[in-house]
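Residue numbers (the numbering used here), protein chains in the order written: chain F, 22 to 367; chain Z, 22 to 367; chain D, 22 to 367; chain U, 22 to 367. Every residue, glycine too, gets a C-beta built ideally from N, C-alpha and C. Predicted model, so just to flag it, every value in this text is computed and none were measured. Have a look at the structure below, then the notes.
Number of protein chains: 4
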Amino acid sequence: MKTKAAIFGASGYTGQELIRILSAHPQVELVAVTSRRYAGMKVSDVFPSLSGLTFLSYTNASPREIAKLCDVVFLALPHGVSMEIAPVFIEAGKKVIDLSADYRLRDLATYEQWYAKHTSAGLFGQAVYGLPELYRETVKTSPLIANPGCYPTSIILGLAPALKNKLLEVSTIIADSASGVSGAGRDPVVGSLFCEVDGGFKAYKVGKHRHTPEIEQELHQLAGEKFVISFTPHLLPVKRGILSTMYATLKKNVTEEELRGLYASFYAGEKFVRICPAGAYPNISSVCGSNFCDIGLTVDPRTGRVIMISAIDNLIKGAAGQAVQNMNLVCGFPEDSGLGTPPLYP
Amino acid sequence: MKTKAAIFGASGYTGQELIRILSAHPQVELVAVTSRRYAGMKVSDVFPSLSGLTFLSYTNASPREIAKLCDVVFLALPHGVSMEIAPVFIEAGKKVIDLSADYRLRDLATYEQWYAKHTSAGLFGQAVYGLPELYRETVKTSPLIANPGCYPTSIILGLAPALKNKLLEVSTIIADSASGVSGAGRDPVVGSLFCEVDGGFKAYKVGKHRHTPEIEQELHQLAGEKFVISFTPHLLPVKRGILSTMYATLKKNVTEEELRGLYASFYAGEKFVRICPAGAYPNISSVCGSNFCDIGLTVDPRTGRVIMISAIDNLIKGAAGQAVQNMNLVCGFPEDSGLGTPPLYP
Amino acid sequence: MKTKAAIFGASGYTGQELIRILSAHPQVELVAVTSRRYAGMKVSDVFPSLSGLTFLSYTNASPREIAKLCDVVFLALPHGVSMEIAPVFIEAGKKVIDLSADYRLRDLATYEQWYAKHTSAGLFGQAVYGLPELYRETVKTSPLIANPGCYPTSIILGLAPALKNKLLEVSTIIADSASGVSGAGRDPVVGSLFCEVDGGFKAYKVGKHRHTPEIEQELHQLAGEKFVISFTPHLLPVKRGILSTMYATLKKNVTEEELRGLYASFYAGEKFVRICPAGAYPNISSVCGSNFCDIGLTVDPRTGRVIMISAIDNLIKGAAGQAVQNMNLVCGFPEDSGLGTPPLYP
Amino acid sequence: MKTKAAIFGASGYTGQELIRILSAHPQVELVAVTSRRYAGMKVSDVFPSLSGLTFLSYTNASPREIAKLCDVVFLALPHGVSMEIAPVFIEAGKKVIDLSADYRLRDLATYEQWYAKHTSAGLFGQAVYGLPELYRETVKTSPLIANPGCYPTSIILGLAPALKNKLLEVSTIIADSASGVSGAGRDPVVGSLFCEVDGGFKAYKVGKHRHTPEIEQELHQLAGEKFVISFTPHLLPVKRGILSTMYATLKKNVTEEELRGLYASFYAGEKFVRICPAGAYPNISSVCGSNFCDIGLTVDPRTGRVIMISAIDNLIKGAAGQAVQNMNLVCGFPEDSGLGTPPLYP
């Protein structure tokens, strides 16, 4: 018998992506999807791409009602809303995979400084940061999985082996990232209009993006010390994808070949991390449509810096795909179940 | 034991797409891919998106050598080249799925008028036009399957039910189509450069495109009579997708609802054809990444015309996906095996 | 002394385009731009591209107040709003160039059937349809110029010489058009989001678009008889540009060369119409950024049809540029004043 | 009487852009454009966007012949070719504006290390680095102007005021840049195909791009000391535009407001440099189609870094527009003559 899954808040791009992936997942039956805006409408009328693949309609049922129907729930809700909903499912003994930021930070003060007042921080102790490549074993037994942000996923995976090996002057770390527009969600705002984005490129929230404390929290964990980084997000005229270019001064002499070896061994056995061969760099069009994270490396002896570049599909490895990967772990399925689709290139 | 497949000419976008689909096909093992240009190179170095998904390298082996390795072969070659290669595989008793135009036309003179001198027209009798929705049973037993062109697939599927039901004044049929750039292949030509295509839209080969006789041949078959159509291809600034907007004057009074009913029943049970609900029209972004053909219908009482609109992914239902659908039929696999990936939206 | 111009409703793409063109117009001083939403804000804060080019701020002044400041006013308002505002300026003796649909139709019943109740149809008699290539002399003396729609401009210019020369079976005319997203305006709606449009292509309002009666009105005028046409708009993933592909059966035998000659002589002396040489077709990227309309022609002896293709920048020749062309005429400036910018290619 | 200009090597995007700008320049007559590939063809047949704007045909005339026809020549040639052609024009007493890299570096060894053997380095003494905002007076009297590279223009202008004011720890400077595809030229290569670029984003030539020594040369000049920087170029899926995001640790305590003030006063009176207001950042779509360079600034007290972001149109301020700005200076025309076109937004 299939495991029953529900999606709370399934009207945006991340919600759609979860439906898309789960509709083809061999061990899961998607039993309910909620949306206030679309309640009563067929999913395939809102997203015609899903016609013939799902026969569900949106419901406006309460968390308590949904909890009765499912074994595992995905919360694809804005931060501040998840914290109101998650406790209901936890109390009902369901597995919760939360795609908001509400349970990602382990320090309440930091959360409240960057986001807002937290109403269920008592759950922090039960939550695990759902980056399987770093926290696989803990994810398997946690009732509440805080699915990482899209930028953090790309940056943390790109830096982890170098930090773990104490190669970097941590005070010099800079992450320069660029994201596709789907990262801004499906709400109709002027800044996400085709005519505002196409043919353009710009930075935004320079030095102020809310993913900063999440990134730093995990980098500290890896390095075993505290520090601050510069993180600059940019808006790319593409639908999907994040590319992060990271800079740091090397603390030890290491050749590019040695570094590539360290990365390869750190990620040995990982199905969703690919290290680019020498001279090649990641391209978001080589990962889009898949759960892959591609990583490229350059050691520049001229400047003494290492440049680490990582690429993901922000809706998959940066959101819905990683959430399904976490569900696979917590439900005891093969970790890549439902996630085998190759990137859609070109 | 898996069926062994090979791809002859696998360096272009269609070849890549075949590798991508076959690398995840449950009943097939891809054993060889050929390319003169890339011989000796790893597929994943040419197409980094396929890294980790295939470990093959390109070979420059002869048809005779490849025939020894495989049970079924895909020819992803330019027209004029397939006709030299296909006979070798046919003689060796292999199943051949030819993606060129070489065996699509049943009339030699028409072929030679629009294309070039044919050197193996003797095989015409063994070839079947591989549009499963029209020729399913014949495909199952044919050694040589002529995989349809991308424009023809969209136009024939969009018109078939109306023609079969004798609803149209056939002399008034106009097909106005638009294709993504991958249809032009991966050869580096100025007209396919990003800067030439992005932000643009234009018609090309007006009244002269070589798909015209192929389209007409199949429309004649459906209508049971001969006629000429206008076909105008346009180049869209997208990577994948074809949308065809077809016009014809109605011969009989039929409501839009009746027409939709006729289409629904004509395509009943077809897994890859979806009829849009009233008031909705196909969008190539709702089919891209999948083997679907979406069809929308409007009866316009003001003008007495019916407008039929169809959308496909030119590389999948218009090429590699349809080829795999044909392979599934000829090999006795489930028809949708390896073709279940939902469209990648957004 | 410069002529004083104002723009009523200058917060959308058409309003911005008028500001852009007028800020560099040698005979005009732009004295006021209105917007309810942006009242009090600097234009250059709303549109940073205009920084350094205009120092105006948006105002929420009434039509009566604006009328005191200017000699000529552009109304870049939705239909239904213009009809409330235009009479104020007409009564104040100002020249009015209305970019809405409110005064384009000469038949009240047709307007009310396709749009809404009209409150100032009494002005119909003073209004001229502002397509200078057809109505130049009348435009020069009219106080109220109804600036044509974007689709109609492309279609009427593309068909005019053929209709005027009675070459077409008028009952067979089909106009298949595709427009860039700026045609949908700057209002934040889901359908105009980058992620909904990029990589996509679809028809919309098939057989029902409100530009249909405007197109037919002008085609009737040219042909000297009444008839209906099929008009199908599509949404292109580009910011600017309209391409219209028009089909009609030829009534007379005419070669492509003769037809091209008729077009060339019909448009002789026109600065903004360019006829493509034999074998070449218009591309919207060859007109974008300019006031040009490019026209390409094919006579297809196989089908007896002529295919006429026209391309414009929907925001320039299809809106703001044509409005300035009309202003130049009505104010006695050189017709191309302020409109000399070459297309921005690539 | 107008000054006579010629373009040597006018078949690429930069050449086309020069033709486009010069065809509307009030003080200049374009008398000859050369191309080996297109010799004998009309410019408007190669670039239909220029139809009606220029009536020139390409010629394959020798430098000596062209020198007889013109007062000033633009060399839009690959590096290594310019150095063979420029001396002919210099000897003939013509003003030369070279858009290649051949005369940008003042140190022969550095040129030969990053590029190739130099055959006319004797001209180094007569050449000036044509960045008018830094070298205006020298440009006016120099016979040989080395027009800056596109990346260098954006980076040098973005850093100049901070360096001149000794605000930066120069060893920490990182320039992370992204360029539109036109920067790669019009040669048909796989990497510039629409299907390879659209929807993608990648870094290239990490730590190895040839613009590095040119950037460093000018930064040293501004800072009065030597140092190395990290420069990482990325390929953007847009036709035009470069955005550079630059990072450096602050040496002195300076507020963002003070910094913005320093930039404003450094660029006071400059027509083509615009400083963004607080909280706003440059977007390439706000400069494309114009000769502007927009600069945005953030001081991040959390990290002690300053982030400086600049945007240009790579074909205009990064190539042809800056070349015309230099021609204006060396010919005594108003510096902005022919360069007044506002950005084409949206």
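Same chain, Cβ closer than 6 Å to residue i, neighbours up to 5 away in sequence not counted
i: Phe354(Z); result: Gln48
i: Met148(F); result: The amino acid at residue 148(F) is misidentified as Met; the sequence shows Ala. Only Tyr124, Leu165 and Ala167 meet the Cβ criterion.
i: Ser141(F); result: Met104 and Pro108
i: Ser175(F); result: Ile263, Ser265, Ser331 and Ile333
i: Lys247(U); result: His241
i: Lys292(D); result: Asp357
Residue i and residue j closer than 8 Å at C-beta
i: His232(D); j: Pro153(D); result: no
i: Ser331(D); j: Gly179(D); result: yes
i: Lys25(U); j: Cys91(U); result: yes
i: Glu279(D); j: Leu318(D); result: no
i: Tyr16(D); j: Leu336(D); result: Nothing can be reported for residue 16(D): it is not among the residues displayed for chain D, which extend from 22 to 367.
i: Val351(F); j: Val160(F); result: yes
i: Pro398(D); j: Gly221(D); result: Because chain D spans 22 through 367 in this model, residue 398(D) falls outside it and cannot be assessed.
i: Ser213(D); j: Phe215(F); result: yes
i: Ser32(F); j: Ser65(F); result: no
i: Val117(D); j: Leu98(D); result: no
i: Cys171(D); j: Gly359(D); result: no
i: Leu120(F); j: Pro363(Z); result: no
i: Gln343(F); j: Pro169(F); result: yes
Assigned secondary structure, residue i (DSSP; H/G/I helix, E/B strand, else coil)
i: Ser175(D); result: helix
i: Val93(U); result: strand
i: Glu190(U); result: coil
i: Val52(Z); result: strand
i: Val67(Z); result: helix
i: Glu230(F); result: Inspection of the sequence shows that residue 230(F) is occupied by His rather than by Glu. Looking at His230(F) - three-state DSSP - the assignment turns out to be coil, as it is neither helix nor strand.
i: Tyr268(U); result: strand
i: His255(D); result: strand
i: Met104(Z); result: helix
i: Gly317(D); result: strand
i: Leu214(F); result: strand
i: Phe293(U); result: coil
i: Met329(D); result: strand
i: Ser306(F); result: helix
i: Phe29(F); result: strand
i: Ile250(D); result: coil
i: Lys273(D); result: coil
Same chain, Cβ closer than 8 Å to residue i, five either side skipped, listed in chain order
i: Gly325(D); result: Thr270 and Leu271
i: Ala53(F); result: Ala27, Ile28, Leu77, Thr80, Ala82, Ile87, Leu90 and Cys91
Cβ shell of residue i (< 7 Å), same chain only, five flanking positions each side left out
i: Asn347(Z); result: Ile118, Gly151, Pro153, Val160, Ile166 and Asn168
i: Cys297(F); result: Pro303, Asp315, Ile316 and Gly317
> Given a limit of 8 Å on CB to CB distance, which residues of the region 26–43 of chain U reach chain D?
Replying inline: For the region 26–43 of chain U, which is checked against every Cβ of chain D, the residues closer than 8 Å are Tyr34, Gln37 and Arg41.
> At a cut of 8 Å, does the region 247–258 of chain D reach the region 186–201 of chain D through at least three beta carbon pairs?
Replying inline: The region 247–258 of chain D is in contact with the region 186–201 of chain D.
> Any residues in the region 296–310 of chain F with a beta carbon nearer than 9 Å to a beta carbon of chain U? Which ones, in chain order?
Replying inline: Within the region 296–310 of chain F, the residues whose Cβ lies closer than 9 Å to some Cβ of chain U are Tyr302, Pro303, Asn304, Ile305, Ser306, Ser307 and Cys309, listed in chain order.
>> So, does the region 319–339 of chain D touch the region 256–268 of chain D, judging by three or more C-beta pairs under 8 Å?
In response: Yes, since at least three Cβ pairs between the region 319–339 of chain D and the region 256–268 of chain D fall closer than 8 Å, the two stretches touch.
>> Can you pull out the residues from the region 68–97 of chain F whose beta carbon lies closer than 8 Å to at least one beta carbon of chain Z?
In response: Listed by position, the residues of the region 68–97 of chain F near chain Z (Cβ gap below 8 Å) are Phe68, Pro69, Ser70, Leu71, Ser72, Gly73 and Leu74.
> Can you list, in chain order, the residues of the region 192–205 of chain F whose Cβ is nearer than 7 Å to any Cβ on chain Z?
Replying inline: Contact residues of the region 192–205 of chain F toward chain Z are Ser203 (C-beta to C-beta distance below 7 Å).
> the region 216–243 of chain F: which residues have C-beta closer than 9 Å to a C-beta of chain U, in chain order?
Replying inline: If the cut-off is 9 Å between Cβ atoms, the region 216–243 of chain F has Cys216, Glu217, Val218, Asp219, Gly220, Gly221, Phe222, Lys223, Ala224, Tyr225, Val227, Gly228, Lys229 and Thr233 near chain U.
>> Tell me which residues of the region 251–275 of chain F have at least one Cβ-Cβ distance to chain U shorter than 8 Å, keeping chain order.
In response: So the list reads Ser251, Thr253, His255, Leu257, Pro258, Val259, Lys260, Arg261, Gly262, Leu264, Thr266 and Tyr268, given in the order they occur along the chain.
> Just by C-beta distance, which residues in the region 344–364 of chain Z are closer than 9 Å to chain F?
Replying inline: When CB distances to chain F are screened at a threshold of 9 Å, the residues of the region 344–364 of chain Z falling below it are Gly361, Thr362, Pro363 and Pro364, in chain order.
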